[in-house]
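A.B. asks:
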Amino acid sequence: MQQPLRERFHQNLPARKSSDPEYVSELVDAVLRSAREAAASDVHLQPTAEHLEMKWRIDGVLQPVAEFPLELATKVVARLKVLAELLTYRTDIPQEGRLCVAEDNVETRISTFPTLFGEKVVARLFVGSGKFRRLDELGLESDVLAQLQRLLEQTGGVILLTGPAGSGKTTTIYAALREIVDKTGGSRSLVTLEDPIEVVVPGVAQSQVNPAVDFNMATGLRSQLRQDPEVLMVGEIRDRETAETVFQACLTGHLVVTTFHAGSAAAAISRLCDMGIEPYLIRSGLLAVLCQRLLRKLCHCAIVSNEVDARMGLNVEQVRQPVGCDDCGGTGYSGRMLLTEMLIPDEAELGRAILDRSDARQLHQRAVEGGMVEQWERARQAVERGETSPAEVFRVLGTRNSD
0 MQQPLRERFH QNLPARKSSD PEYVSELVDA VLRSAREAAA SDVHLQPTAE
50 HLEMKWRIDG VLQPVAEFPL ELATKVVARL KVLAELLTYR TDIPQEGRLC
100 VAEDNVETRI STFPTLFGEK VVARLFVGSG KFRRLDELGL ESDVLAQLQR
150 LLEQTGGVIL LTGPAGSGKT TTIYAALREI VDKTGGSRSL VTLEDPIEVV
200 VPGVAQSQVN PAVDFNMATG LRSQLRQDPE VLMVGEIRDR ETAETVFQAC
250 LTGHLVVTTF HAGSAAAAIS RLCDMGIEPY LIRSGLLAVL CQRLLRKLCH
300 CAIVSNEVDA RMGLNVEQVR QPVGCDDCGG TGYSGRMLLT EMLIPDEAEL
350 GRAILDRSDA RQLHQRAVEG GMVEQWERAR QAVERGETSP AEVFRVLGTR
400 NSD
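Residue numbering for the sequence shown follows numbering that gives the first Met the number 0, beginning at 0 and increasing consecutively.
Here you go:
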C-alpha cells in the first residue's frame with residue numbers, strides 16, 4: 000500500500016554515490032523537498048539497531064517512506080543540526096531549532112531527542128505566511144463560519160479554539176487574525192503572545208514568550224494589557240494563571256482569541272472549572288468554544304458499499320470505502336476536512352449549567368438541546384455525503400461516548 004510513496008521519494012534521491020562528500024547534503028535536501036511535495040506536516044527520522052527509519056505524517060497519519068543505512072544516520076542528523084544551528088557535538092540532550100527554505104518560504108522546526116540507538120529527529124514543516132489560508136478557505140461549515148465571523152467583530156469576550164494536538168487549531172487562529180486585519184484595515188490594535196511564533200501576520204504586533212527571563216504567558220499578557228490592545232491572541236492556555244488573566248482581560252473590554260486542549264466544546268468548559276476558574280467568569284466572558292478535528296477525505300478511487308457492517312453503526316444508507324491508488328499513495332485518502340462543533344453559551348439553560356458546575360456530559364446535552372450541532376452529527380453527514388469513511392470517523396473521534 001505504501002509503494003507509490005516510497006517510489007516517489009526514491010525518484011528524488013541524489014544520483015551521486017553515498018561516498019561522495021556532497022551526498023548527505025543532497026540527501027537532506029531531497030528529504031525536505033520530497034516531504035513538502037507530498038504535503039507532509041512532519042518528517043520522523045528514528046534510528047534503530049538496523050537502520051535509520053524515515054516516516055512522514057501525511058493527513059495526520061504516519062507513513063513509512065524509507066530506511067537509510069546506519070552509516071548515514073549520524074551524518075544525516077548532523078546535517079540537519081547544522082542547518083538548524085544546533086550543537087552538533089551534543090547528542091545527549093534534546094535540542095530545538097529552525098531553518099527556512101527561502102525558495103518556497105517554508106520554515107522547518109527541527110527537534111532532536113536522544114534515544115537508545117542515537118538521536119531521533121522530527122522536522123515539522125510550516126507554510127510561509129503568504130500561503131496561510133484565510134477563514135473562508137478552511138472548509139468550515141457555513142453556519143459555523145458565519146457565527147465565527149460575527150464573533151470576531153465583538154469588542155470583548157473570549158473565543159476558545161479547542162481540540163487535541165494536530166487538529167488544526169493553529170491554522171484556524173491565524174486565519175481568524177487575518178480575518179480581523181482584513182476587515183478592519185488596521186483600525187484595531189492587535190497583539191499576540193505565542194510560544195513560538197509560527198507565522199508572521201502583517202498588521203499584528205506579535206510577541207514570543209521567553210520563560211528563561213520570566214516572560215511567560217501570564218506575565219506577558221498582563222504587560223500587553225498596558226499596550227492599549229483591542230484584540231489579543233494568546234497562543235495557548237496552559238495553566239490557571241494564564242486562564243484567569245485571559246478572562247479578566249475580556250471583562251475589561253478586550254477580545255481574546257486563544258487555544259486550549261480538550262476533546263469537545265463542553266469538555267473545555269469543564270476543564271476550565273477544574274483548573275479553578277470561577278464559573279461566573281466563564282459565563283460572563285466566554286463568547287464561544289469552537290472544537291475541531293481533522294478527518295481524512297476519501298480519494299476519488301473510493302468505492303460505494305451497501306454492506307451493513309461497513310456503516311459501523313452510523314445511521315446512513317450507504318458508505319464509500321477507501322481503496323488506494325497512485326494518486327493517494329495507496330492510502331485511499333487525499334486531503335483533510337474540518338470537523339467542528341461550536342458551543343455558544345447564550346442560552347439560559349446552558350448558562351445555568353455552567354454556573355452550577357455541571358460536568359461535561361451535562362453541558363454537552365444542554366448545548367445540543369440549545370441548537371449546537373455536535374461533531375458526531377457533522378461526521379455522520381460527511382459519511383452520508385461520501386466525503387469520508389466510517390473507519391476514519393472512529394479513528395479520529397474514538398468511541399461514541401468519549402470526550
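Yeah, the Cβ is synthetic: ideal placement off N, Cα and C, and Gly gets one too.
Can you confirm whether the region 201-218 touches the region 234-253 when touching is taken to mean that 3 or more C-beta pairs between the two stretches lie within less than 8 Å?
C.D. replies: Because the criterion of three Cβ pairs below 8 Å is met, the region 234-253 and the region 201-218 touch.
A.B. asks: Between the alpha carbons of A39 and R56, how many angstroms are there, rounded?
C.D. replies: Cα-Cα distance, rounded: 5 Å.
A.B. asks: Where does the unbroken beta strand (DSSP E) through M341 begin, and where does it stop?
C.D. replies: Unbroken beta strand (DSSP E) run through M341: Y332 to L342.
A.B. asks: Considering only the alpha carbon of each residue, which of D28, D325, Q247 and G369 lies closest to L4?
C.D. replies: If we check each option's Cα against that of L4, D325 comes out closest.
A.B. asks: Inspect the CB distances between the region 150-161 and the region 382-391 and report whether three or more fall short of 8 Å.
C.D. replies: They do not touch, by the three-pair rule.
A.B. asks: According to DSSP, F259 sits in a beta bridge with which residue or residues?
C.D. replies: Looking at the DSSP assignment, F259 forms a beta bridge with T161.
A.B. asks: Where does F214 sit, in a helix, a strand or coil, going by DSSP?
C.D. replies: Residue state, collapsed to three classes: strand.
A.B. asks: Is it right to say R221 is buried, meaning 16 or more other beta carbons lie within 10 angstroms of its own, or is it exposed?
C.D. replies: Result: exposed.
A.B. asks: Give a yes or no on contact between the region 174-183 and the region 302-315, applying the rule of three or more CB pairs nearer than 8 Å.
C.D. replies: Judged by Cβ distances under 8 Å, the region 174-183 makes no contact with the region 302-315, as fewer than three pairs qualify.
A.B. asks: For T90, I'd like the list of residues in its chain whose CB is within less than 7 Å of its CB, leaving aside the five on either flank, ordered along the chain.
C.D. replies: Same-chain partners within the cutoff: P113 and E118.
A.B. asks: Whose C-alpha, out of A145, I196, A261 and D58, is nearest the C-alpha of L159?
C.D. replies: Of the listed residues, the one whose Cα sits closest to L159 is A261.
A.B. asks: Enumerate, from N- to C-terminal direction, the unbroken beta strand (DSSP E) stretches of 3 or more residues contained entirely within the region 70-158.
C.D. replies: Listed in chain order, they are 94-100, 105-114 and 117-125.
A.B. asks: Excluding the 5 residues flanking L280 on each side, which residues of the same chain have their C-beta closer than 8 Å to its C-beta?
C.D. replies: These residues qualify, in order along the chain: E243, F246, Q247 and L250.
A.B. asks: Measuring alpha carbon to alpha carbon, tell me which residue in A164, P93, T183 and L12 is nearest F259.
C.D. replies: Minimum Cα distance to F259 is reached at A164.
A.B. asks: Return the residue from the list E21, E197, R282 and A29 that minimises the CA-CA distance to T107.
C.D. replies: For the residues E21, E197, R282 and A29, the minimum Cα distance to T107 belongs to E197.
A.B. asks: What runs of the alpha helix (DSSP H), each 4 residues or longer, lie entirely inside the region 229-312?
C.D. replies: If we require 4 residues or more, the alpha helix (DSSP H) runs fully inside the region 229-312 come out as 239-250, 264-273 and 278-284.
A.B. asks: Between the alpha carbons of I268 and F116, how many angstroms are there, rounded?
C.D. replies: So the alpha carbons of these two residues sit roughly 43 Å apart.
A.B. asks: Are the beta-carbon atoms belonging to R282 and P344 less than 8 Å from one another?
C.D. replies: For R282 and P344, yes; Cβs fall inside 8 Å.
A.B. asks: How many whole angstroms separate the CB atoms of D403 and R335, which I take to be in contact at a CB cut-off of 8 Å?
C.D. replies: With the chain covering only 0 through 402, there is no way to say anything about residue 403.
A.B. asks: Which ranges does the beta strand (DSSP E) cover as unbroken runs of at least 3 residues, wholly within the region 172-199, from first to last along the chain?
C.D. replies: Within the region 172-199, the complete beta strand (DSSP E) runs of at least 3 residues are 189-193.
A.B. asks: Reducing DSSP to helix, strand and coil, say where A65 ends up.
C.D. replies: Here A65 sits in strand by DSSP.
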